[in-house]
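Enquirer:
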Amino acid sequence: GEDVEQSLFLSVREGDSSVINCTYTDSSSTYLYWYKQEPGAGLQLLTYIFSNMDMKQDQRLTVLLNKKDKHLSLRIADTQTGDSAIYFCAESIPSNAGKSTFGDGTTLTVKP
Amino acid sequence: DTAVSQTPKYLVTQMGNDKSIKCEQNLGHDTMYWYKQDSKKFLKIMFSYNNKELIINETVPNRFSPKSPDKAHLNLHINSLELGDSAVYFCASSLASGRAFYEQYFGPGTRLTVT
Numbered sequence: 006g007e008d009v010e011q012s013l014f015l016s017v018r019e020g021d022s023s024v025i026n027c028t029y030t031d032s033s034s035t036y037l038y039w040y041k042q043e044p045g046a047g048l049q050l051l052t053y054i055f056s057n058m059d060m061k062q063d064q065r066l067t068v069l070l071n072k073k074d075k076h077l078s079l080r081i082a083d084t085q086t087g088d089s090a091i092y093f094c095a096e097s098i099p100s101n102a103g104k105s106t107f108g109d110g111t112t113l114t115v116k117p
Numbered sequence: 539d540t541a542v543s544q545t546p547k548y549l550v551t552q553m554g555n556d557k558s559i560k561c562e563q564n565l566g567h568d569t570m571y572w573y574k575q576d577s578k579k580f581l582k583i584m585f586s587y588n589n590k591e592l593i594i595n596e597t598v599p600n601r602f603s604p605k606s607p608d609k610a611h612l613n614l615h616i617n618s619l620e621l622g623d624s625a626v627y628f629c630a631s632s633l634a635s636g637r638a639f640y641e642q643y644f645g646p647g648t649r650l651t652v653t
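First to last, the sequence lines map onto chains A and B.
Per our numbering, the first sequence starts with residue 6, numbered consecutively.
Per our numbering, the second sequence starts with residue 539, numbered consecutively.
Printed below as a string of structure tokens:
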């Protein structure tokens with residue numbers, strides 16, 4: 006079955022880089038996603054990567070995918086206090102009728 | 539204009555009561571979801587409807603019953619509320635039919651407190 010795992014907490018200083026890691030088990034995942042949840046709000050899609058890509062860059066965000074190890078990471082460069090949030094990794098599998106499996110979320114705390 | 543809306547935003551009720559949470563999306567999406575987020579912020583899918591048909595029904599007590607009157611609405615009715623039902627419930631929607639990529643749009647959440 007599908008399983009997505011993340012470490013639960015990460016704390017960094019403002020201006021440093023943050024790296025949030027995720028592992029997944031289902032090799033038939035076609036897309037992998039990073040969602041951001043700010044306090045008191047719902048989740049919003051931050052970025053995503055197609056499974057035949059190794060890397061995707063979008064401004065301060067870099068997504069790395071190691072398909073062999075089923076490992077996904079999100080790097081945030083020059084982390085700001087506004088980046089403090091919970092980050093969820095998720096995967097989608099074509100046969101899953103629109104169901105995305107979410108990880109448990111990583112709470113990122115950015116200290117000034 | 540709100541894409542996915544939920545009402546109410548807060549719901550405080552006593553054990554044993556029956557309550558409903560409503561969800562509406564104006565994005566023209568074909569798939570809607572209910573998620574439960576517990577106090578540790580873990581997110582678990584409960585139900586999913588595609589074109590008004592139930593397609594995902596995770597292990598959820600049968601006190602929880604979703605209803606989709608049309609593609610734009612998915613309501614959640616909970617009978618005989620228990621303390622353990624206290625959580626934030628999120629509705630979401632996506633355009634998923636026949637697609638490998640689908641972004642889910644989440645509502646603002648309904649914080650349910652059972653006393």
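From the three backbone atoms N, C-alpha and C, an ideal C-beta is built for every residue, glycine too.
Let me check understanding here. Comparing Cα to Cα, which of LEU50/A, LYS116/A, VAL9/A and ASN57/A lies closest to LYS582/B?
Expert: Against the second sequence, residue 582/B aligns to sequence position 44. The candidate whose alpha carbon is nearest that of LYS582/B is VAL9/A.
Enquirer: Within a Cβ cutoff of 7 Å, which residues of the same chain sit near ASN617/B, ignoring the five residues on either side of it in sequence?
Expert: On the second sequence, position 79 is the one that residue 617/B refers to. Same-chain partners within the cutoff: ASP556 and ARG601.
Enquirer: Any contact of the stretch 561 to 580 of chain B with the stretch 64 to 78 of chain A, i.e. 3+ C-beta pairs under 8 Å?
Expert: Segments in contact, no.
Enquirer: Start and end of the beta strand (DSSP E) containing GLN616/B?
Expert: As a first step, residue 616/B is located in the second sequence; it is residue number 78 there, counting from the start. In the sequence under discussion, the amino acid at residue 616/B is Ile, which differs from the Gln named in the question. Per DSSP, ILE616/B belongs to the beta strand (DSSP E) from 611 to 616.
Enquirer: With DSSP as the reference, label THR30/A as helix, strand or coil.
Expert: In the first sequence, residue 30/A corresponds to position 25, counting from 1. DSSP places THR30/A in coil when its eight states are reduced to three.
Enquirer: Closer than 8 Å between beta carbons: that is the criterion. Which residues of the stretch 589 to 607 of chain B meet it against chain A?
Expert: Residues ILE593 and ILE594.
Enquirer: Can you tell which of PHE55/A, GLY110/A and THR86/A has the C-alpha that lies nearest to the C-alpha of SER34/A?
Expert: For this step, residue 34/A is matched to residue 29 along the first sequence. Among PHE55/A, GLY110/A and THR86/A, the Cα nearest to that of SER34/A is on PHE55/A.
Enquirer: Measure the C-alpha to C-alpha separation of ILE593/B and SER606/B and round it to an integer number of angstroms.
Expert: The residue given as residue 593/B occupies position 55 in the second sequence. The residue given as residue 606/B occupies position 68 in the second sequence. ILE593/B and SER606/B: Cα-Cα distance of roughly 12 Å.
Enquirer: Would PHE621/B and VAL652/B qualify as a contact pair, given that the criterion is a beta-carbon distance under 7 Å?
Expert: Your numbering for residue 621/B matches position 83 in the second sequence. Your numbering for residue 652/B matches position 114 in the second sequence. Reading off the sequence shown, one finds Leu at residue 621/B, where the question assumed Phe. The answer is yes: Cβ separation under 7 Å.
Enquirer: Quick one: what does DSSP say PRO604/B is sitting in, helix, strand or coil?
Expert: Residue numbering aside, residue 604/B sits at position 66 when the second sequence is read from its first letter. If DSSP states are grouped into helix, strand and coil, PRO604/B belongs with the strands.
Enquirer: Classify LEU50/A as helix, strand or coil using the three-state DSSP reduction.
Expert: Taking the first residue of the first sequence as 1, we reach residue 50/A at position 45. Correct three-state label for LEU50/A: strand.
Enquirer: Note down the Cα distance separating CYS27/A from ASP109/A, rounded to an integer number of angstroms.
Expert: Indexing the first sequence from 1 puts residue 27/A at position 22. Indexing the first sequence from 1 puts residue 109/A at position 104. Rounded to whole angstroms, CYS27/A to ASP109/A spans 10 Å at the Cα level.
Enquirer: Taking ASP109/A as the query, report the chain B residues whose CB atoms sit under 9 Å from its CB, ordered along the chain.
Expert: If you number the first sequence from 1, residue 109/A lands on position 104. Per Cβ cutoff of 9 Å: LYS578, LYS579, PHE580 and LEU581.
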